[in-house]
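For the sequence shown, position 22 (counting from the first letter as 1) is numbered 22 according to the UniProt record's numbering, and the numbering increases by one without interruption. Where a beta carbon is used, it is the ideal one built from N, C-alpha and C, also for glycine.
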Amino acid sequence: YYSYLPNALDFEVDFRHEVKSLRRMFLDGDECIFESFDNDLSPESLQDYSSSCLTKIINDESLNADNEFEMAARLQVDRTKQKALDLVKQDFHELLGLETEQLIDQFLTRAENIKQTALDYFEGNAKKKFVGIYEEEKRSLLTAIDKQLLIVSRSGFERLCNSHSQRFRADLDEHSESCKEVDEFRQHQSSRLEEEINAFKEDACNLIFEQPHWERMREFYTQTLKSELEAINLTRERDVCI
1 YYSYLPNALD
11 FEVDFRHEVK
21 SLRRMFLDGD
31 ECIFESFDND
41 LSPESLQDYS
51 SSCLTKIIND
61 ESLNADNEFE
71 MAARLQVDRT
81 KQKALDLVKQ
91 DFHELLGLET
101 EQLIDQFLTR
111 AENIKQTALD
121 YFEGNAKKKF
131 VGIYEEEKRS
141 LLTAIDKQLL
151 IVSRSGFERL
161 CNSHSQRFRA
171 DLDEHSESCK
181 EVDEFRQHQS
191 SRLEEEINAF
201 KEDACNLIFE
211 QPHWERMREF
221 YTQTLKSELE
231 AINLTRERDV
241 CI
């Protein structure tokens, strides 16, 4: 290992020369995997790539051009994916900042726009020379977007549960004073609970996509709300009985 240290500067010069040579070898019409490195061959922009090459030299391994092309392709496609995510970052913040009713009205439309914006950028800028890498990073991009949208949706569900439970509690408080018979109050309780759950389910349809993990989240919050409303029911019924 130490025998290479005195030649570090020579290695840097040789490495830059090799990278430029690899670029020339890889030219394929107007497509070039190193296009993003055209004006920047600094150690920073090529850190991962150069570290790998240095490791191979230290280990006295021969450099495989195909492997280096693949590594460069992965770096370029991953960088494009990150830029696509940065492009829609503000949209996620705006969604989280919407009022509950606004989120219910706009979530699905804006979520689709976010996906399309990120995909358009990725598909327009990511190199497709290595199809496997391209498809892998495209799936990774969609997964990352999906996770962020789930966070927004979960926030909407929590606020929605809160607003429905508050409305239900206020209604029972009002009727607990006017209902003279316990049976009458229980009948009102039962019908209002069903109405509130159905209203929640209707609103919830606007916060999910038709995919299993989204459906599971809706079911979870539906059951959570139902349990909370039933607890409110028991408390108000006890108060009426007293």
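If you measure between the beta carbons of residue i and residue j, is that distance less than 8 Å?
i: L75; j: S165; result: no
i: M217; j: R154; result: yes
i: residue 259; j: A73; result: Only positions 1 to 242 of the chain appear in the structure, and residue 259 is not among them; the question remains open.
i: A204; j: L150; result: no
i: A111; j: V77; result: no
i: G156; j: F209; result: no
i: E101; j: F185; result: no
Residue i by DSSP, collapsed to three states: which one?
i: I151; result: helix
i: L98; result: coil
i: V77; result: helix
i: R236; result: helix
Between the Cα of residue i and those of the options, spot the shortest distance and give me the residue it belongs to.
i: L87; options: F122, A126, L95; result: F122
i: E196; options: F209, E181, F107, Q223; result: Q223
i: F200; options: V182, A170, E215, S163; result: S163
i: H188; options: Q211, R110, L172, C161; result: L172
i: L96; options: L207, E70, E237; result: L207
i: K147; options: E135, F92, T117; result: F92
i: E194; options: Q82, E184, N233; result: N233
i: Q82; options: I133, E137, Q102; result: E137
i: R143; options: L98, E202, K128, L119; result: According to the sequence as given, residue 143 is Thr; it is not Arg. It is L119.
i: I104; options: V152, R79, Q90; result: V152
i: T80; options: E94, Y134, I114, K89; result: Y134
i: E202; options: G124, Y221, H175, H213; result: Y221
Would you please verify whether the beta carbon of residue i is less than 8 Å from any beta carbon of chain B?
i: S155; result: The structure shown has no chain B; it contains just one protein chain.
Original post:
Mind pulling the alpha helix (DSSP H) runs of 4 or more residues that sit fully within the UniProt domain "Sey1/RHD3-like three-helix bundle" (108-232)?
Top reply: Annotation: the UniProt domain "Sey1/RHD3-like three-helix bundle" (108-232) contains the following complete segments of the alpha helix (DSSP H) (minimum length 4 residues), in chain order: 131-178, 182-204.
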